[in-house]
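Notes for the one structure printed next.
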Amino acid sequence: MPYSQEDQQWIQSQLQAELIGHEIITYDSVDSTNNIAKRLVGEPDKEGAVILANSQTQGKGRLGRTWHSEENVGIYLSILLKTSLPPEQISRIALVAGVALVQAINEYSPARAYLKWPNDILINGKKVAGILTEFCKKKDLSEVILGIGINVNHAHFPLPLQHIATSLAMENGKIFERLPLISSLVNRLDQEYQSFLNEGLSPTVTQWNLNSDMFGKHISLTKGTQTFFGTAMKLDEEEGHLVILTDNGEEIAFNSGEVTLME
Ligand code: BTN
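Numbering (our numbering), first residue to last: 1 to 263.
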């Protein structure tokens, strides 16, 4: 069902927003909630507003992929944040969001979700949620659009996604209510983001490391045309970069790349 006015009011009543979630704007179908959020850049009081849609016709994933955005069964939302971070540090906001997202999912999902760098959420090795940050500069304003998609009650996926995607319902054998998950996510995003602004990245990295099962595993990491093989060690505290001990015995920290788990 599309979100009703009562749904919107219920979510709003559950929020303790300092910044993220002071306003919830719901839609039935949109092209992409990130695109709707982008149109609000520069408008007064829209920082921290949550754009929530029941379906997307052109949901965007990372690396130019599309995000399967079936109506009634998923959570598709975007949040606008002002930032003074330079573009190369925007990935820190995705790490902050990843911690809030995995914790919100694990509050409701008995099947445990884990973070996979840079910002995928997996259950039993399949993707259940993802994060897309887009940097937007208009005149002297820098804003980040933080987009989050969660596969909640999907019963199946189109063929090309079947071996890589899953939903909370498929992994747990039951249907989930979307509204409590949305309000938990937005409250956690608000808290984690305030902690990041006040204390820096370190508490987020600690939580990130605790909520990932990729460390100690053999991985490949592709960056541009190069592929590295090694063991994932940790995210470093200062930058949130992925540290790998390569098979040649060299420790390298990566700020971006695509990771494949080898075992
Ligand atoms: C990924 O590839 O893992 C990122 C997926 C992000 C999907 C969300 S759904 C809400 C928001 N609007 C979009 O078009 N994409 C993001």
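Heads up, the beta-carbon is just placed ideally off N, CA and C, and yes, glycines get one too.
As the structure is a computational prediction, the values presented were derived from the model and not from experiment.
If we count the other Cβ atoms within 10 Å of its Cβ and call it buried at 16 or more, is residue i buried or exposed?
i: K46; result: buried
i: A155; result: exposed
i: E192; result: buried
i: E143; result: buried
i: H241; result: buried
i: R92; result: buried
i: G20; result: A small correction: the amino acid at residue 20 is Ile; Gly does not occupy that position in the sequence shown. With 16 or more Cβ atoms within 10 Å of its Cβ, I20 is classed as buried.
i: I69; result: One detail in the question is off: residue 69 reads as Ser in this sequence, not Ile. Buried, because 16 or more other Cβ atoms sit within 10 Å of the Cβ of S69.
i: M262; result: exposed
i: T227; result: exposed
i: I131; result: buried
i: I164; result: exposed
If distances are taken between C-alpha atoms only, which option among the options comes closest to residue i?
i: E250; options: V99, N119, Y193 and F229; result: F229
i: L95; options: Q226, G64, S142 and I148; result: I148
i: N124; options: T166, S69, A37 and W10; result: T166
i: L146; options: D190, K138 and P44; result: D190
i: T222; options: S256, V128 and L210; result: S256
i: N34; options: L52, E43, E18 and E23; result: L52
i: L210; options: V73, L197, I131 and A113; result: A113
i: Y76; options: P160, H218 and N153; result: N153
i: P2; options: R62, G74, E18 and L40; result: G74
i: D120; options: S4, D213 and Q58; result: D213
i: A97; options: P87, A129 and L15; result: A129
i: T26; options: V41, S195 and A49; result: A49
i: K127; options: R62, Q14 and L40; result: R62
i: Q56; options: Q9, E88, L235 and D31; result: D31
i: T246; options: Q58, R188, K217 and E239; result: K217
i: W10; options: P180, G200, S202 and E199; result: P180
i: S4; options: S13, D28 and E23; result: D28
i: S78; options: L235, I244 and G59; result: G59
Are the CB atoms of residue j and residue i within a distance shorter than 8 Å?
i: N172; j: S109; result: yes
i: V102; j: L81; result: no
i: A100; j: L185; result: yes
i: Q194; j: E18; result: yes
i: M233; j: F254; result: no
Is any heavy atom of the ligand SAH found at a distance shorter than 7 Å from the C-beta of residue i?
i: G21; result: You won't find the ligand SAH in this model; what it holds is the ligand BTN.
Where do the ends of the alpha helix (DSSP H) carrying residue i lie?
i: M170; result: L168 to N172
i: L95; result: S91 to Y108
i: A37; result: T33 to R39
i: N187; result: R178 to E199
i: E143; result: It is not in any alpha helix (DSSP H) - E143 instead sits in the beta strand (DSSP E) that spans L141 to N151.
i: S13; result: Q5 to Q14
i: T204; result: S202 to L210
Considering just the uninterrupted stretch of the beta strand (DSSP E) at residue i, what are its terminal residues?
i: K127; result: K126 to K138
i: N54; result: V50 to Q56
i: Q226; result: Q226 to L235
i: T222; result: H218 to K223
i: T26; result: I24 to V30
To which residues of the same chain is residue i closer than 6 Å at the C-beta, ignoring the five residues directly before and after it?
i: L122; result: Y114 and K116
i: R178; result: I75 and V152
i: K138; result: V41 and G42
i: Q16; result: N187
Leaving out the 5 sequence neighbours to the left and right, which residues in its chain are closer than 8 Å to residue i when beta-carbon positions are compared?
i: T83; result: I90, I93, S142, E143 and V144
With a threshold of 7 Å on Cβ separation, who are the neighbours of residue i within its own chain once the five nearest residues in sequence on each side are excluded?
i: S202; result: E237
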